[in-house]
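Below is one structure, written out as C-alpha cells; comments come after it.
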Amino acid sequence: AVVRPLLEIRDLTVFHGQLRALSGISLEVQPGAVEAIIGANGAGKSTLLRTIAGLHHPSQGSVLLDGEDVTRTRPARRARAGIAMVPEGRRLFPSLTVEENLRVGASYARRGPWSIDSVYDLFGWMRERRRQKAAQLSGGEQQAVAIGRALVANPRVLLLDELSLGLAPVVVERIYTTLPQLLAAGLTVLLVEQDVGQALQVASRVHCLLEGRTTLTGLPSQLTREQVEAAYFGLR
Ligand code: ATP
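Its first residue numbered 5, the sequence shown is counted upward by one per residue in the UniProt record's numbering.
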C-alpha cells in the first residue's frame, strides 16, 4: 500500500533578497519516520526548515501537511496544524524559568500525549530544575528545554535544526537517545544535522542539499561513503 507522506515539499524555491537559497526542492517525509537533511554550510538546510515552519515565504512551490496545502498558512496556525520547530541556537527566553519556557510552547498546543509533566518524565533532571532560569542551564540542558517546548505543542512533525551545534558528543548522544520515545509517541521527525555520521546513524532516510538543490536521497544502509561525499561536496 502507498502511504501518504505526512509532509510533502513540492518544487520549493526560496530567495533571500537576490540570493536563491533553495531551487526547486522536492521531498517527502513518511509518517513515523526520522528523516535527515545534511549538507555543507550555506546549502540551504535551515532555510528549508524555516520555510516549512512558515518563517520564509517561497517564491515558488508548496508545503503540504498530510495532504493539506499550508504554503500560505501563518507560522502560529502551522503550529496548530501540527508543525513544530526547534530552531538553530535553541532560542529560549534566557530570563524565564525552564517551566515558563515550556509554557510558551504550550500556548499553541494541540491535544496529544505531551504535557509539561511528560516532558519532565522524558528528561529526568528537568522537573527539579523547573524554577531555574534558562540562562543558568548548560547548552545541552537548554537544548532539551527547546525540544520540550516544541513537544508540549503536540506536533505531528517535529523539525530539529542542528541539535548538535556547540554540544559535546556525549551530550549530543544523550539527546538523540530520546528519539525512540518521540517516535513511540507517534511523532515524525525531520532534522537538519551538521554531523553527517550522526545523521546517518539516526535517520531512516537522508536528503543531501548542495547550493539549494537536492543532490542525494536515500536510505543510510544503502548509501556508500563515496556517494555521500560526492553529494555533499558536489564532486562527480
Ligand atoms: P548553516 O549550516 O550555515 O546554517 P544552511 O545549510 O542551514 O547552513 P541556510 O542558513 O539555509 O544554509 O543558508 C542558505 C543561504 O542563504 C546561505 O548563503 C545564507 O548565507 C543565506 N541566508 C540564510 N538566511 C538568510 C537571510 N535571512 N538573509 C539573507 N541571506 C540568508
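Where a beta carbon is used, it is the ideal one built from N, C-alpha and C, also for glycine.
For clarity, every value in this text was computed on a predicted model and none was experimentally measured.
Notebook entry, point to check: So residue 50 packs on residue 165, CB below 8 Å; how close in whole Å?
Noted result: Here residue 50 really is in contact with residue 165; their C-beta atoms are around 6 Å apart, less than 8 Å.
Rounded to whole angstroms, what is the Cα-Cα separation between residue 100 and residue 131?
Using only the alpha carbons, I get a separation of about 15 Å.
Three or more C-beta pairs under 8 Å: does that hold for the stretch 75-88 against the stretch 52-63? The stretch 75-88 makes contact with the stretch 52-63; the number of CB pairs closer than 8 Å reaches 3 or more.
Is it the case that the Cβ atoms of residue 17 and residue 24 are separated by a distance below 8 Å? Yes. Within cutoff.
Inset, instruction - Under 6 Å Cβ to Cβ from residue 64, same chain only, skipping five residues before and after it: list those, please. - result: Excluding sequence neighbours, residue 64 sits near 17.
One or two residues paired with residue 19 in a DSSP bridge: According to DSSP, which records beta bridges pairwise, residue 19 is partnered with 24.
**Prompt:** When the cut-off is 8 Å and only beta carbons count, does residue 65 lie next to chain B?
**Reply:** Protein chains in the displayed structure number just one, and chain B is not present.
Once DSSP output is grouped into helix, strand and coil, what is the label at residue 219? Under the three-state reduction of DSSP, residue 219 is assigned to strand.
Comparing C-alpha positions only, which one of 208, 37, 195 and 6 sits nearest to residue 163?
Here the closest residue by C-alpha is 195.
TODO: State yes or no: is the C-beta of residue 191 nearer than 7 Å to some heavy atom of the ligand ATP?
DONE: No heavy atom of the ligand ATP is found nearer than 7 Å to the CB of residue 191.
Alpha helix (DSSP H) segment containing residue 231, residue limits: Residue range 229-237 is occupied by the alpha helix (DSSP H) that includes residue 231.
Next item on the list: Taking 8 Å as the cut-off, decide whether the C-beta atoms of residue 41 and residue 52 are in contact.
Entry: Against a cut-off of 8 Å, the Cβ pair of residue 52 and residue 41 comes out as a contact.
Between the Cα of residue 205 and the Cα atoms of 225, 117 and 160, which residue gives the shortest distance? Comparing C-alpha distances from residue 205 to each of 225, 117 and 160 shows the shortest one belongs to 225.
Between which two residues does the alpha helix (DSSP H) carrying residue 34 extend? Going by DSSP, residue 34 is part of no alpha helix (DSSP H) at all; its letter is neither H nor E.
Check: Looking only at its own chain, which residues have a Cβ that is under 7 Å from the Cβ of residue 199, when we skip the five neighbours before and after it?
Finding: Within the same chain, 168 come within 7 Å of residue 199 by CB-CB distance, once the 5 residues on both sides are set aside.
**Report entry** Lining residues of the ligand ATP - beta-carbon closer than 5 Å to any non-hydrogen atom, in sequence order
**Finding:** Residues flagged by the Cβ proximity filter: 20, 25, 45, 46, 47, 48, 49, 50 and 51.
Check: Which of the three DSSP states, helix, strand or coil, is assigned to residue 66?
Finding: Of the three classes helix, strand and coil, the one that applies to residue 66 here is strand, per DSSP.
For a quick check, are the C-beta atoms of residue 34 and residue 69 less than 8 Å apart?
With a cutoff of 8 Å on beta-carbon distance, residue 34 and residue 69 are scored as not near each other.
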